[in-house]
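What follows is a single structure, written as structure tokens, with notes after it.
In my numbering, the protein residues as written are 6 to 287.
So, in structure tokens, the structure goes:
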């Protein structure tokens with residue numbers, strides 16, 4: 006092969022590689038994150054769970070964003086996988102749906118290069134039942150619906166352990182606990198591992214279920230009717246804004262995080278969910 010042809014072929018390979026990187030959103034310019042347009046407005050695309058995350062973002066977009074020079078595009082997701090996938094691919098500038106134990110699990114398992122800001126709110130887990138009014142009345146051999154993802158499964162098990170339904174093995178980190186870490190189960194309860202989004206819909210087929218706060222809200226379940234509710238104090242499960250690590254210092258993303266920690270947002274959360282279904286984490 007002649008040197009000229011070799012050089013031409015190498016140049017073609019480099020061009021194709023550059024196009025591929027551009028298509029994947031991995032070029033350096035893209036890594037800088039959202040930037041202001043000619044009018045000084047920065048558009049930010051955020052992925053979020055419908056409730057309460059998207060509702061909080063909608064409030065920010067309507068009441069606070071314009072004065073901060075931001076314009077939010079909010080994409081809602083009914084699962085806990087795609088918001089991180091799309092953030093890693095560059096389809097999203099940020100996501101707002103997860104807490105630290107889940108985030109750390111996903112970063113470790115999938116190799117995401119992410120960063121996150123401080124916690125914004127907490128959605129307390131609660132144990133719900135259709136036909137039981139007291140946790141002491143859980144039937145012998147009953148079936149309890151529980152999350153099938155590790156970080157949230159441990160959280161649900163800890164709630165049950167806190168109310169003496171089960172006992173976890175000594176030394177187990179509750180944020181990583183699974184049903185295999187249950188040491189004592191005096192009522193011989195069966196745990197049905199279920200996708201978080203399906204727990205509320207499956208409640209009629211279960212004796213009880215530990216349900217994530219956001220899905221309980223969507224299903225119109227009131228914490229007043231829960232058998233037990235997770236404590237908000239010193240809760241490690243605050244939800245936050247996550248971004249690509251390369252964009253952590255992006256001015257627009259930092260402005261958005263500041264708005265999400267504003268007194269106005271704190272008041273909005275407290276007034277919108279006065280029974281404590283959602284709690285400010287700041």
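Backbone N, C-alpha and C fix where the C-beta goes; we use that ideal spot for every residue, glycine too.
Keep in mind the model is a prediction, meaning the values are calculated, not measured.
Taking residue i and residue j to be in contact with their CB atoms under 8 angstroms, please state how far apart those CB atoms are, rounded to whole angstroms.
| i | j | result |
| --- | --- | --- |
| residue 81 | residue 57 | Contact doesn't hold; Cβ gap of about 12 angstroms is too wide. |
| residue 131 | residue 224 | Not quite, the Cβ-Cβ distance comes to about 12 angstroms (not below 8 angstroms), so this is no contact. |
| residue 248 | residue 232 | The Cβ separation is near 37 angstroms, so there is no contact. |
| residue 286 | residue 243 | 4 angstroms |
| residue 270 | residue 140 | That belief does not hold up - the Cβ atoms of residue 270 and residue 140 are roughly 33 angstroms apart, past 8 angstroms. |
Could you tell me the boundaries of the beta strand (DSSP E) in which residue i lies?
| i | result |
| --- | --- |
| residue 187 | 187-189 |
| residue 99 | 99-104 |
| residue 150 | 148-152 |
| residue 45 | Run containing residue 45: none; DSSP gives neither H nor E here. |
| residue 244 | 244-249 |
| residue 131 | 131-133 |
Return the chain-ordered list of same chain residues with a C-beta closer than 8 angstroms to the C-beta of residue i, the five sequence neighbours on each side being excluded.
| i | result |
| --- | --- |
| residue 97 | 50, 51, 52, 80, 88 and 91 |
| residue 173 | 162, 163, 166, 179, 182, 186, 187 and 188 |
| residue 83 | 54, 55 and 202 |
| residue 47 | 39, 40, 41, 74, 75, 76, 256, 257 and 260 |
| residue 275 | 285 |
| residue 267 | 69 |
In chain order, what residues of the same chain lie with their CB nearer than 6 angstroms to the CB of residue i, ignoring the 5 residues before and after it?
| i | result |
| --- | --- |
| residue 196 | 149, 151 and 184 |
| residue 128 | 218, 219 and 283 |
| residue 216 | 133, 204 and 205 |
| residue 66 | 77 |
| residue 59 | 53, 79 and 81 |
| residue 146 | 193 |
| residue 102 | 53, 54, 58 and 88 |
DSSP three-state label for residue i, please.
| i | result |
| --- | --- |
| residue 283 | coil |
| residue 85 | coil |
| residue 214 | strand |
| residue 140 | helix |
| residue 194 | coil |
| residue 223 | helix |
| residue 52 | strand |
| residue 171 | coil |
| residue 229 | helix |
| residue 277 | helix |
| residue 270 | helix |
| residue 288 | Since the first residue of the chain shown is 6 and the last is 287, residue 288 is not available in this structure. |
| residue 78 | strand |
Where do the N-terminal and C-terminal ends of the alpha helix (DSSP H) with residue i fall, by residue?
| i | result |
| --- | --- |
| residue 64 | 60-68 |
| residue 123 | Note, residue 123: premise wrong, no alpha helix (DSSP H); beta strand (DSSP E) at 119-127. |
| residue 265 | 256-265 |
Who are the Cβ neighbours of residue i in its own chain at under 7 angstroms, not counting the five residues just before and after it?
| i | result |
| --- | --- |
| residue 155 | 110, 181 and 183 |
Within 7 angstroms: the Cβ of residue i and any heavy atom of the ligand ATP?
| i | result |
| --- | --- |
| residue 98 | The model depicted lacks the ligand ATP and carries no ligand whatsoever. |
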